[in-house]
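Peer 1:
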Amino acid sequence: MPLDLNGPCDLAFDPMPDDAVEAPLARLFAAAATRLPSNTAVADGSIALRYEQALPIVERLAAAVETAAPPGGVVGVAMPLTALTPLCMLAVIACGRVVAPIDPHLPPRRTEAILKASGAHAVLVDANSAVGGIPEALPRLDARQISRHAASAPALAEYRTEPDAPAILLYTSGTTGEPKGIVNSQAALVQRVVQHVNACHIGPGDRMVCLSSICNISGTREALTGLLTGATIHLVDPKAAGLEGTLARIGAVRPTICYMVPTLLRSLLNMPGASAAFAALRVARLGGEPVHGTDVMLARARLARCHVMNAYSSTETIGTQWFVPPDAKLATGVIPAGYVLPGSRFAILDEDGTPLPPGREGQLVLRGRFTALGHWVDGRCVPGPMLPDIEDPKARIFATGDRAVLEPGGLLRILGRVDSQVKINGQRVEPGAIEAVMRSWGDVADAAVIVQRNDGGNVSLVGFLAPRQAGDESLLAAARSRLRASLPSPMQPAQLHLVQEIPRTSGAKVDRQALAAIAAARQAAATEQRSRHQGLDARRSEAAWAVARAWRRSFGRRSLLADEPFDAAGGDSLKLIRLIYDIEQRLGNFTFLPLDLFAVGMRPSEMARAIEQAGRIPEGSAPDHRQPLFLLPGLNGDEPLLALFRADLAPQLRCVTLSYPEWRELARAGYSLDDLAEGLAEQIAAMAGQDPVQLAGYSFGGNVAAAVAMRLRERGLRLGFLGLIDATARLRQDIPPGPALRAAVAGQGVMRQALRERRVQDVLGMVLAETLSRPGLAPALRALAKARRLPPLPLRMRFACRAWLHSLLRAALLRQWHARLGPGVMPEVPVTLFRSNQHQPDEPVDLGWSEIFRDVKVVEVPGTHHTIFESGNRAILVARFLEAASCQRAFA
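Structure representation (structure tokens):
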């Protein structure tokens, strides 16, 4: 069956020959780089590298790796997703070492376990963006520093590697709680690239976006496809960027090829402006989860000129793919997985291993040269579950564990797992791994995990613990904390139950049906109690109505009536983003509900209450006489993420968040950042008391804090602490002021799409704000300020205009202040800069503050400029912030 059947057959391209699998990856990359030196090879939103730049970087990295590890040795790549990440992976493979990429979002304990299990000789890192969990004794190679080194390095063609030797080591959850490393060869990687290129007709003119981790086989395939063909691979991390940031980046990139899991497809394509952002897309490749007919229908509606490919594969082997014909009539359920790919043969076997005829379901078994080599154990590759093929010494046989049936016409349909292994949010999860972790705890006698599916088809995990000490109710809370610290989020059970003992069958196997009955009975009891007492009354408020409608749409009426926790309903991080976005749309009025206002364990009633109470100060609070920390927010003013930061500081510090003047004051003739700082300094002086002032600011607020500090010193007040949270003293023109607004205006054609869908008020409000903020219209804006009102507008448009106008006017004040700020104006004030570890490479470590302050201490914190307040990063920021504040107060 042709790879491009029903795909882009009419698009001319240069096919990759089948014998490309015999060539080293590095040689294929070098050929593309030599042929197309000026093409952009890889871009991450901050850095874009041409092929003529990427090639010498790979050569330098390969030379460094060659000296750090013996041939065939493992070298880890542990860094946030940047343009250097795929180049590091390619460099390790190029010099004949085995690369083990580490997902930067893993808990540190998991990262440490993987690196120890791999026996890594060294790890490539980005010293500016540390990843936790790297053993102290493991040598670290700073990829950023190596990439800038001007010394010559051997050409990639000088390295000799074998196509069937181990090349990449990818870790999955495993069945014993320990990381399971799956080994693939260069030939297997190149085969995936060859088939991707020849199916999608990929060439130098393509812009590829991969919305999957580069540390799994899908992300690796996408990155290598771009680098070996002269195309451009654009790296996007949806976990870090969020839905709006991801769509904004897609709108800016205008990709032609995009890979994503169906869950993300649904979320992105249901957002305003999605069709315009994806307007240039010609192939949407879906995988990682079952693809439903409704997913294809949605893609057809939003992506009119795009071919939709459904691909089924695993880390162990290539599998199937097909372009869904444009005239195919699809049911709403899971669609076929496609035709078996060249280079792989298959059989469907019954429980006894007997081949089954077409139309009969059984376990899918695949065989071929491009099946994984095996598992990595004790520093070497062992066959593991890969069986030798007696007909072909280069081939291996792999039992996938998936139930499948061969349909008329040759299409394979995947029906589910033979065992309990499931995929959650596109990631494979083996409950046995979670059971092993829980059984390893000293206060747990036994443990089990089952898989549940609710009415909406959402998959979730339910865990059961039998405590060693009967009645140990504290074990549940401790267990959740331990699981969060040691396992990725897809492996964390949505529900945990204490049981006296784990029920077992007569054969001593876990009785999973009995466990499911226990979970159902407890759920029913909880549902009955909540329906009488604390369920969600949709009539209570507009927020309750919006939550009820959105929840029912996502999880069904039964889950809503049960007031079921979000994670127990089958929710995960992507579904939470989608649910919140749905609530925002129902609330209207340009509502923005940050993710950190919610938690995955919240019930619909709790979500409604959180929205209702957002921003309120509890009544009857006892007065707090502690010396305050004055906190200045970012460009968009206060936000719930900062509120969570304050809440974490509250036991040690009393935080007072200062507000910025309204647009009417900012528009006043001659108004400057000095005026803003003077007004804030006056407020602080009135509240500060006799103790030294504690002052901090985030982003834009950091610059304001610096200006306020100058005014406070002029007033004779002592400064006990000045903390700048990821604020830069150098004006950066490339940071747009706000994710929601950025998503609304980014990319060509977004406004036209909004007009077609009659969602014009937000965009028109922002356009009006942009117009009013122009210098030539300053008199008109001042006239409106004098009249104390914006032009008569609908509420939604007025809100959008006001919010955007605030951001624009504050940004203008900052530009003026930076333009006239001289060096060394505050030599006596000690400053602590909390710098996120994912800045652009050309930025100074102190972000330019040493030009203004003599004494600048830099404290690095994890995350990006926008993610440092997220839960995991926030805990580290809070700890380092409190430590720095305490030290400065002691010496004030």
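All residue numbers for the sequence shown refer to my numbering, where the first residue is 240 and numbers rise by one. Virtual Cβ for every residue (Gly too), placed ideally from N, Cα, C.
Can you tell me the Cα-Cα spacing of proline 597 and tyrosine 578, whole angstroms?
Peer 2: One C-alpha to the other measures close to 14 Å.
Peer 1: So is methionine 548 buried or exposed if we call it buried at 16+ other beta carbons inside 10 Å?
Peer 2: With 16 or more Cβ atoms within 10 Å of its Cβ, methionine 548 is classed as buried.
Peer 1: Threonine 1106 by DSSP, collapsed to three states: which one?
Peer 2: DSSP places threonine 1106 in coil when its eight states are reduced to three.
Peer 1: Let me check understanding here. Comparing Cα to Cα, which of Ile689, Asp682, Ala550 lies closest to glutamate 674?
Peer 2: Glutamate 674 has its Cα closest to that of Ile689, out of Ile689, Asp682, Ala550.
Peer 1: With leucine 380 as the anchor, note down where its beta strand (DSSP E) starts and where it stops.
Peer 2: Here the beta strand (DSSP E) through leucine 380 covers 379-381.
Peer 1: Pull up the distance between the alpha-carbon of serine 699 and that of glutamate 803, whole angstroms please.
Peer 2: If I take the Cα positions, the gap works out to 13 Å.
Peer 1: Do leucine 542 and leucine 503 come within 7 Å of each other at the CB atom, strictly closer than that value?
Peer 2: No.
Peer 1: Would you list the one or two residues that DSSP bridges to glutamate 1099?
Peer 2: Glutamate 1099 pairs with Arg1074.
Peer 1: On a Cα-Cα basis, can you pick out the residue from Gly640, Glu483, Glu461 that is closest to proline 511?
Peer 2: Residue Glu483 is the option with its Cα nearest to proline 511.
Peer 1: Just the Cα atoms here: how many angstroms apart are tyrosine 398 and alanine 265?
Peer 2: Roughly 9 Å between the two C-alpha positions.
Peer 1: Going by C-alpha to C-alpha distance, which of Leu737, Ala946, Ser725 sits closest to aspartate 711?
Peer 2: Nearest of Leu737, Ala946, Ser725 to aspartate 711, Cα basis: Leu737.
Peer 1: Hey, how far is the Cα of valine 1098 from the Cα of alanine 717?
Peer 2: About 31 Å.
Peer 1: Candidates Gly465, Pro1101, Val616: which alpha carbon is nearest proline 418's?
Peer 2: Among Gly465, Pro1101, Val616, the Cα nearest to that of proline 418 is on Val616.
Peer 1: DSSP on lysine 568, reduced to helix/strand/coil?
Peer 2: Note: lysine 568 maps to coil in three-state DSSP.
Peer 1: Thinking C-alpha only, which one of Ala406, Val422, Ile286, Ile472 is nearest glycine 444?
Peer 2: Among Ala406, Val422, Ile286, Ile472, the Cα nearest to that of glycine 444 is on Ile472.
Peer 1: What residues are listed by DSSP as bridge partners for tryptophan 784?
Peer 2: In DSSP, tryptophan 784 forms no bridge with anything.
Peer 1: So, is methionine 536 buried or exposed, given that buried needs 16 or more other C-beta atoms within 10 angstroms?
Peer 2: With fewer than 16 Cβ atoms within 10 Å of its Cβ, methionine 536 is classed as exposed.
Peer 1: Looking at the unbroken beta strand (DSSP E) that takes in methionine 585, where does it start and where does it end?
Peer 2: In the sequence under discussion, the amino acid at residue 585 is phenylalanine, which differs from the methionine named in the question. Where phenylalanine 585 is concerned, the enclosing beta strand (DSSP E) stretches over 584-588.
Peer 1: Counting along the chain, where does the alpha helix (DSSP H) carrying alanine 543 start and finish?
Peer 2: Taken as a continuous stretch (DSSP letters only), alanine 543 belongs to no alpha helix (DSSP H), as it is neither H nor E.
Peer 1: Please go through the same chain and pick out, in chain order, the residues whose beta-carbon is closer than 6 Å to the beta-carbon of glutamate 291, but skip the five residues on each side of it.
Peer 2: Result list for glutamate 291: Pro276, in chain order.
Peer 1: DSSP three-state label for phenylalanine 1120, please.
Peer 2: It is helical.
Peer 1: Closest to glycine 526 by CA distance: which of Thr485, Ala906, Ile456 is it?
Peer 2: Answer by Cα proximity: Ile456.
Peer 1: Are the segment 419-439 and the segment 246-258 touching by the rule of at least three beta carbon pairs closer than 8 Å?
Peer 2: In short, these stretches touch, since the Cβ pair count reaches three.
Peer 1: Alpha carbons only, please: which of Leu651, Arg848, Leu934 is nearest the one belonging to proline 872?
Peer 2: Comparing Cα-Cα distances from proline 872 to each of Leu651, Arg848, Leu934, the minimum goes to Leu934.
Peer 1: Who are the near neighbours of glutamate 904 in its chain, counting only those whose CB is closer than 8 Å to its CB and skipping five residues on each side?
Peer 2: So the qualifying residues of the chain are Tyr910, Ala1024.
Peer 1: Buried or exposed: where does threonine 1136 fall if 16 or more other Cβ atoms within 10 Å of its Cβ makes it buried?
Peer 2: This structure leaves residue 1136 out entirely; the chain is present only between 240 and 1131.
Peer 1: My assumption, with CB atoms under 8 Å, is that aspartate 283 sits in contact with leucine 320. Please give the rounded CB distance.
Peer 2: Confirmed, about 7 Å.
Peer 1: Report back the beta-carbon spacing between histidine 546 and isoleucine 421 to the nearest angstrom; my notes put them in contact at under 8 Å.
Peer 2: The Cβ separation is near 30 Å, so there is no contact.
Peer 1: In terms of DSSP beta bridges, what is valine 337 paired with?
Peer 2: Answer is Val313.
Peer 1: What residue ranges within the segment 481-513 form continuous beta strand (DSSP E) runs of no fewer than 3 residues, ordered along the chain?
Peer 2: Entirely contained in the segment 481-513, the beta strand (DSSP E) runs reaching 3 residues are, in chain order, 496-499.
Peer 1: Can you give the Cα-Cα distance for lysine 568 and arginine 1028, rounded to whole angstroms?
Peer 2: Those two C-alpha atoms are separated by around 55 Å.
Peer 1: Closest by CA to methionine 949, which one among Ser938, Phe939, Leu961?
Peer 2: Taking only the C-alpha atoms, the option nearest methionine 949 is Leu961.
Peer 1: Since isoleucine 441 and alanine 470 should fall inside the 8 Å C-beta cutoff, what is the C-beta to C-beta distance between them, to a whole number of angstroms?
Peer 2: The Cβ separation is near 6 Å, so the contact holds.
Peer 1: Using the beta-carbon count (16 or more within 10 Å), is arginine 848 buried or exposed?
Peer 2: So arginine 848 counts as buried.
Peer 1: Please report the straight-line C-alpha distance between valine 644 and proline 575, rounded to a whole angstrom.
Peer 2: Approximately 9 Å, taken between the alpha carbons.
Peer 1: Hey, quick one: how far does the beta strand (DSSP E) through threonine 639 stretch, first residue to last?
Peer 2: Where threonine 639 is concerned, the enclosing beta strand (DSSP E) stretches over 635-645.
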